[in-house]
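*Asks:*
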Amino acid sequence: MTSLEPAEVFPPGEYIADELDARGWTQQDLAVILDRPLNAVNQIITGKRGITAETAKGLAAAFGTSPEFWMNLENGYQLGHAKSKDNDVALRAKLYGTAPVSEMIRRRWIEGTTSASRLESQLKRFFEAEDLGAIAPQPTAARNSSGYSQTTPAQLAWFYRARSLARTVAAARFDRDALTAGLRTMRNMTLVPQDIQKVPALLAGWGIRLLLVESLQRTRIDGSAFWLDPGKPAIALSLRLDRIDAFWLTLLHELLHIKNGDSPSIDSDLVRDPRGSDSAGRLPEAEEKTSAEASRLLLSPQRLGSFILRARPLYAKEAIADFAQTNGIHPGIVVGQLQQRGEIPYSHGREMLVPVRRFIVGSALTDGWGNVAIPPHESPQDSPPRRRHAARVITSWS
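Each position in the sequence shown, counted from 1, maps to that position plus 488 in the working numbering.
Right, here's the structure in full:
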């Protein structure tokens with residue numbers, strides 16, 4: 489049997505107010521009759537104080553009713569409120585399972601709020617979905633402990649943030665021929681770390697939007713290549729590993745996805761973390777092939793193989809530096825490839841793996857590491873307008 493529940497419950501104080509109106513009494517009159525302070529009577533009537541058994545007896549005597557009548561009103565009101573709070577708890581639990589809410593608030597992707605319904609509205613706007621249970625998972629090459637078949641909520645949130653910000657980045661009309669030709673010559677920029685600052689403008693000239701979005705906790709995302717519309721490609725890098733080898737391998741990997749017209753990807757673990765925090769296993773075959781091609785663009789496998797035969801097993805750092813100079817490439821990239829092949833431990837040549845984030849943050853739209861990218865017309869609580877302009881970056885969170 490289904491029990492009927494009222495659509496709205498009213499505090500017992502409203503019934504008391506009706507009784508006072510019917511009798512022409514004031515709250516002061518009732519306070520005198522009940523021998524209670526006026527403030528206490530006012531709080532009961534306004535719903536700020538509940539009705540106790542003693543108060544119920546007094547009201548029953550004053551209005552000619554039973555104590556049970558007032559206790560039932562009070563219990564019904566409290567149960568109704570408790571159910572409303574339970575619904576909020578259940579909704580918040582569902583929302584926190586849908587997205588990394590706490591970190592999204594910290595990163596100022598959404599606003600902090602105590603209202604479960606407002607939080608739900610913000611997440612719907614963020615994910616551009618009417619139903620959070622029907623968010624379309626993006627194709628992914630992300631590796632996680634359960635395999636490759638499922639995009640995690642944090643990975644999905646990172647992707648939607650990157651896609652939203654990419655719409656604000658200006659770029660020329662996409663030129664696939666320019667990209668194809670540029671891939672063959674881009675390695676000339678790999679020798680000097682500072683040249684990385686030129687990459688965003690170069691890609692924009694080819695029609696590719698490049699932005700930086702710091703990864704969320706426990707995602708291990710390296711980058712993503714996606715299409716805003718047909719003919720409007722974009723690349724987001726997380727710079728999860730702030731190393732010159734990881735930057736170039738990830739960037740070339742994503743550029744190859746664009747060149748090949750691949751579906752959107754969220755790529756993780758393209759470069760193994762020397763701290764040993766990456767999960768075991770291999771990338772999907774298509775991703776392995778793309779990474780292998782990116783490695784070939786950086787350094788000929790034949791030349792690297794020849795060097796390995798000559799330098800093994802000591803791999804003197806001077807020999808690595810000389811080999812890199814001869815091939816017009818930064819020695820950190822050679823170290824990275826030797827590490828990936830298992831030829832040297834991750835502790836060997838670490839000083840050659842120079843950090844590069846400082847060279848590119850100033851020339852690409854950046855969201856993370858203390859920077860918050862917010863379009864000038866749009867705050868998190870506003871609906872996206874029709875026209876979009878370049879995002880601005882503010883530095884504010886700790």
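Quick reminder that beta carbons are idealized off the backbone N, C-alpha and C, glycines included. Remember, it's a predicted structure, so these values are computed and weren't measured experimentally.
Mark proline 499 as exposed unless 16 or more other C-beta atoms lie within 10 angstroms of its C-beta, in which case mark it buried.
*Replies:* Your numbering for residue 499 matches position 11 in the sequence shown. Buried: at least 16 other Cβ atoms inside 10 Å.
*Asks:* Tell whether a beta-carbon distance below 8 Å holds between isoleucine 533 and glutamine 516.
*Replies:* In the sequence shown, residue 533 corresponds to position 45, counting from 1. In the sequence shown, residue 516 corresponds to position 28, counting from 1. No.
*Asks:* Determine the DSSP secondary structure at leucine 725, reduced to helix, strand or coil.
*Replies:* In the sequence shown, residue 725 corresponds to position 237, counting from 1. Strand at leucine 725.
*Asks:* Can you tell me whether DSSP reads lysine 536 as helix, strand or coil?
*Replies:* The residue you call residue 536 lines up with position 48 of the sequence shown. The answer is coil: DSSP assigns lysine 536 none of H, G, I, E or B.
*Asks:* Tell me the rounded alpha-carbon separation between glycine 585 and leucine 699.
*Replies:* Along the sequence shown, read from residue 1 onward, the residue named residue 585 stands at position 97. Along the sequence shown, read from residue 1 onward, the residue named residue 699 stands at position 211. So the alpha carbons of these two residues sit roughly 27 Å apart.
*Asks:* Measure the Cβ-Cβ separation of proline 752 and serine 703 and say whether it is below 8 Å.
*Replies:* Walking along the sequence shown from the start, residue 752 turns up at place 264. Walking along the sequence shown from the start, residue 703 turns up at place 215. Taking 8 Å as the Cβ cut-off, proline 752 and serine 703 do not qualify as a contacting pair.
*Asks:* By the DSSP assignment, the alpha helix (DSSP H) with valine 822 in it spans what residues?
*Replies:* Taking the first residue of the sequence shown as position 1, residue 822 is located at position 334. From DSSP, the alpha helix (DSSP H) with valine 822 extends over 819-828.
*Asks:* Report the three-state DSSP secondary structure of aspartate 506 (helix, strand or coil).
*Replies:* In the sequence shown, counting from the first residue as 1, residue 506 sits at position 18. Reduced to three states, the DSSP call for aspartate 506 is helix.
*Asks:* Could you round the C-beta distance between arginine 649 and aspartate 855 to whole angstroms and report it? I think they count as a contact, below 8 Å.
*Replies:* Taking the sequence shown and counting its residues from 1, one reaches residue 649 at position 161. Taking the sequence shown and counting its residues from 1, one reaches residue 855 at position 367. With 8 Å as the limit, arginine 649 and aspartate 855 qualify as a contact, their Cβ atoms being about 7 Å apart.
*Asks:* Can you check DSSP and say which residues form a bridge with valine 849?
*Replies:* For the purposes of this step, residue 849 is taken as residue 361 along the sequence shown, with counting starting at 1. BP columns for valine 849 are empty, so no partner.
*Asks:* For phenylalanine 714, does the three-state DSSP call read helix, strand or coil?
*Replies:* Your numbering for residue 714 matches position 226 in the sequence shown. Three-state result, phenylalanine 714: strand.
*Asks:* Keeping to the same chain, check which residues put their C-beta closer than 7 Å to that of phenylalanine 507; ignore five residues upstream and five downstream.
*Replies:* Residue mapping note: residue 507 aligns to position 19 of the sequence shown, counting from 1. Per the sequence shown, the amino acid found at residue 507 is glutamate instead of phenylalanine. The answer, listed in chain order, is Phe551.
*Asks:* Quick check on leucine 787: buried or exposed, where buried means 16 or more other Cβ atoms within 10 Å of its Cβ?
*Replies:* Residue numbering aside, residue 787 sits at position 299 when the sequence shown is read from its first letter. Buried, since its Cβ has 16 or more Cβ neighbours within 10 Å.
*Asks:* I'd like to check one pair, phenylalanine 647 with glycine 719: are the Cβ atoms closer than 8 Å?
*Replies:* Taking the sequence shown and counting its residues from 1, one reaches residue 719 at position 231. Taking the sequence shown and counting its residues from 1, one reaches residue 647 at position 159. Not closer than 8 Å, so no.
*Asks:* In whole angstroms, what is the alpha-carbon distance linking arginine 838 and arginine 731?
*Replies:* Against the sequence shown, residue 838 aligns to sequence position 350. Against the sequence shown, residue 731 aligns to sequence position 243. Arginine 838 and arginine 731: Cα-Cα distance of roughly 10 Å.
*Asks:* Would you kindly work out how many angstroms separate the C-alpha atoms of phenylalanine 557 and valine 520, rounded to a whole number?
*Replies:* Start at 1 with the first residue of the sequence shown, and residue 557 comes out as number 69. Start at 1 with the first residue of the sequence shown, and residue 520 comes out as number 32. Going from the Cα of phenylalanine 557 to the Cα of valine 520 covers about 22 Å.
*Asks:* Would you call the CB atoms of glutamate 831 and isoleucine 796 closer than 8 Å?
*Replies:* What you label residue 831 is simply residue 343 of the sequence shown in a count that begins at 1. What you label residue 796 is simply residue 308 of the sequence shown in a count that begins at 1. It is a contact, given that the beta carbons lie within the stated cut-off.
*Asks:* By the DSSP assignment, the alpha helix (DSSP H) with leucine 786 in it spans what residues?
*Replies:* Counting from 1 along the sequence shown, the entry for residue 786 is found at position 298. First-last of the alpha helix (DSSP H) with leucine 786: 773-786.
*Asks:* Tell me the DSSP secondary structure of leucine 739 in three-state form.
*Replies:* By one-based count along the sequence shown, residue 739 stands at place 251. If DSSP states are grouped into helix, strand and coil, leucine 739 belongs with the helices.
*Asks:* Check this for me: beta carbons of threonine 601 and alanine 642, under 8 Å apart or not?
*Replies:* As a first step, residue 601 must be located in the sequence shown, where it is residue number 113. As a first step, residue 642 must be located in the sequence shown, where it is residue number 154. No, these two residues do not count as a Cβ contact at 8 Å.
*Asks:* So for asparagine 527, helix, strand or coil by DSSP?
*Replies:* Within the sequence shown, the letter at position 39 stands for residue 527. In the structure shown, asparagine 527 sits in a helix (DSSP, three-state: H, G or I).
*Asks:* Could you pull out every residue in the same chain whose Cβ sits closer than 6 Å to the Cβ of glycine 816, ignoring the five residues on either side in sequence?
*Replies:* In the sequence shown, the residue the question calls residue 816 occupies position 328. If we look at glycine 816 and ignore the five residues flanking it on each side, its Cβ neighbours are Leu679.
*Asks:* Tell me which residues share the same chain as alanine 505 and place their Cβ nearer than 8 Å to its Cβ, disregarding the 5 neighbours each side in the sequence.
*Replies:* Walking along the sequence shown from the start, residue 505 turns up at place 17. Here the set comprises Ile533.
*Asks:* Looking at the secondary structure, which residues open and close the alpha helix (DSSP H) in which valine 687 lies?
*Replies:* Taking the first residue of the sequence shown as position 1, residue 687 is located at position 199. Valine 687 -> alpha helix (DSSP H) spans 687-694.
*Asks:* Does DSSP put aspartate 810 in a helix, a strand or coil?
*Replies:* Sequence index remark: in the sequence shown, residue 810 carries index 322 (1-based). Note: aspartate 810 maps to helix in three-state DSSP.
*Asks:* Using the C-alpha atoms, what's the distance from alanine 722 back to arginine 829?
*Replies:* Residue mapping note: residue 829 aligns to position 341 of the sequence shown, counting from 1. Residue mapping note: residue 722 aligns to position 234 of the sequence shown, counting from 1. Distance between the alpha carbons of arginine 829 and alanine 722 is about 30 Å.
*Asks:* Counting C-beta neighbours from all protein chains within 10 Å, is the total for arginine 697 16 or more, i.e. buried, or is it exposed?
*Replies:* Against the sequence shown, residue 697 aligns to sequence position 209. Counting Cβ neighbours within 10 Å, arginine 697 comes out buried, since at least 16 surround it.
*Asks:* Roughly how many whole angstroms lie between the Cα atoms of glycine 824 and arginine 596?
*Replies:* Looking up residue 824 in the sequence shown gives position 336. Looking up residue 596 in the sequence shown gives position 108. Distance between the alpha carbons of glycine 824 and arginine 596: 34 Å.
*Asks:* Which whole-angstrom value is the C-beta distance of isoleucine 539 and glutamate 562, which I expect to be below 8 Å?
*Replies:* Mapped onto the sequence shown, residue 539 falls at position 51. Mapped onto the sequence shown, residue 562 falls at position 74. Yes, isoleucine 539 and glutamate 562 are in contact; Cβ-Cβ is about 4 Å, under 8 Å.
*Asks:* State the CB to CB distance for the pair lysine 747 and leucine 853, rounded to an integer number of angstroms; the pair is presumed to be in contact (CB under 8 Å).
*Replies:* In the sequence shown, the residue the question calls residue 747 occupies position 259. In the sequence shown, the residue the question calls residue 853 occupies position 365. In fact, because the Cβ distance is near 22 Å, the residues do not count as touching under 8 Å.
*Asks:* With a 10 Å radius around its C-beta and 16 neighbouring C-beta atoms as the bar for buried, classify aspartate 755 as buried or exposed.
*Replies:* What you label residue 755 is simply residue 267 of the sequence shown in a count that begins at 1. Buried.
*Asks:* Per DSSP, what are the beta-bridge partners of glycine 856 in this structure?
*Replies:* Numbered from its first residue, the sequence shown carries residue 856 at position 368. DSSP, once it has assigned bridges, lists Asn859 as partnering glycine 856.
*Asks:* Give the secondary structure of proline 499 by DSSP, where H, G and I count as helix, E and B as strand, and everything else as coil.
*Replies:* As a first step, residue 499 is located in the sequence shown; it is residue number 11 there, counting from the start. Of the three classes helix, strand and coil, the one that applies to proline 499 here is coil, per DSSP.
*Asks:* Name the one or two DSSP bridge partners that valine 701 has.
*Replies:* Position 213 of the sequence shown holds residue 701. Answer is Asp855.
*Asks:* Tell me, to the nearest whole angstrom, how far the beta carbon of leucine 468 is from that of valine 759; I am working on the premise that it is less than 8 Å.
*Replies:* Lying before the first or after the last residue shown, residue 468 is absent from the chain, which here runs from 489 to 886.
*Asks:* Where does serine 835 fall in DSSP's three states?
*Replies:* In the sequence shown, counting from the first residue as 1, residue 835 sits at position 347. Correct three-state label for serine 835: coil.
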